[in-house]
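See structure below.
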Amino acid sequence: MHKQPADTVIVLDFETTGLSPDQGDRAIEIGAVIIEQGRITDSFQRLMNPGRRVSSFIEQYTGISNAMLQDAQDCSSVMAEFAEFIDGYNLVAHNASFDRRFLDAELERIGAGYPGQFACSMLIARRLYQGAPNHRLGGLVEYKNIPTDGVFHRALADAEMTARLWLQMLEDIELDYGKVELTFRQLQQLSKTPKAGVSGYFNRQ
DNA sequence: TGCCAGGCCCTCTTTAGGGCCTT
Numbered sequence: 000m001h002k003q004p005a006d007t008v009i010v011l012d013f014e015t016t017g018l019s020p021d022q023g024d025r026a027i028e029i030g031a032v033i034i035e036q037g038r039i040t041d042s043f044q045r046l047m048n049p050g051r052r053v054s055s056f057i058e059q060y061t062g063i064s065n066a067m068l069q070d071a072q073d074c075s076s077v078m079a080e081f082a083e084f085i086d087g088y089n090l091v092a093h094n095a096s097f098d099r100r101f102l103d104a105e106l107e108r109i110g111a112g113y114p115g116q117f118a119c120s121m122l123i124a125r126r127l128y129q130g131a132p133n134h135r136l137g138g139l140v141e142y143k144n145i146p147t148d149g150v151f152h153r154a155l156a157d158a159e160m161t162a163r164l165w166l167q168m169l170e171d172i173e174l175d176y177g178k179v180e181l182t183f184r185q186l187q188q189l190s191k192t193p194k195a196g197v198s199g200y201f202n203r204q
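Using numbering that gives the first Met the number 0, the first residue of the first sequence is number 0, and each one after it goes up by one.
This is the structure:
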């Protein structure tokens, strides 16, 4: 799967009750978009009931209230649906180590898995846009003048912004290096390349 | 009740500490 092109991926984002599934935190919303050959072709968005109340901080941060979650499907049924949605695709997220931990934890609860690999848009952006004031998703969207609908910290909106950032990075790489068929694996490896060596990375491929 | 992570990356580094990111 890692030999697949970089312009065909699923970009995903979780909203959660906190920062760590190891500390008992759960997912409360999943948003994702499919990018195929450089175009967004489909999306997935579900709220999910974590079985307990979320903190007022999370209500304020995400705009997802306890009232909204009360009527939502259970995590297990949403995640079973989502496992089918991502089957066959490589995955992208902004600060992917965070979303991967929650994806792994929620799927493990229902005995499901996924075949794809993860790439992190934040680690790649830190290398490509070393002059950006910061590498938060919102900061990068502003830095690259990527259009938004003004919604932040909701799963589908953040997944769409990350998808547009991903496409922007592919475009910028091709502009700088003239590479026309980037593989997912190349982007994964870029995210692990020492920052000082990034300028020649694609010329050496 | 109160508390709460983990990986990356820089530097005044490697016998460590702290900022950046994610909710």
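For each residue, glycine too, the CB sits at the ideal point set by N, CA and C.
As the structure is a prediction and not an experimental result, all values here were calculated from the model.
Per-residue burial, residue i [other beta carbons within 10 Å of its own, 16 or more giving buried]
i           : result
residue 68  : buried
residue 56  : exposed
residue 120 : buried
Spatially closest choice to residue i from the options, by CA coordinates
i           : options               : result
residue 48  : 70, 30 and 38         : 70
residue 74  : 46, 18, 173 and 114   : 46
residue 156 : 13, 5, 6 and 55       : 13
residue 163 : 118, 15 and 32        : 32
residue 80  : 17, 117, 30 and 94    : 30
residue 43  : 114, 153 and 61       : 153
residue 20  : 200, 131, 117 and 104 : 104
residue 54  : 145, 130 and 18       : 18
Cα-Cα separation between residue i and residue j, rounded to whole angstroms
i           : j           : result
residue 197 : residue 177 : 15 Å
residue 190 : residue 123 : 5 Å
residue 40  : residue 34  : 6 Å
residue 168 : residue 127 : 8 Å
residue 134 : residue 146 : 17 Å
Distance cut-off 7 Å: residue i Cβ against heavy atoms of the ligand ADP
i          : result
residue 12 : Absence of the ligand ADP from the depicted structure is noted, as is the absence of any ligand whatsoever, leaving it without description.
Which ranges would you report for the alpha helix (DSSP H) in the stretch 141–177 if only whole runs of at least 4 residues count? 154–176
Is the stretch 138–155 touching the stretch 180–190 in the sense that three or more CB pairs, one from each, lie closer than 8 Å? No, they do not touch.
Start-end ranges of the alpha helix (DSSP H) lying completely within the stretch 75–124, minimum 4 residues: Correct list: 95–108.
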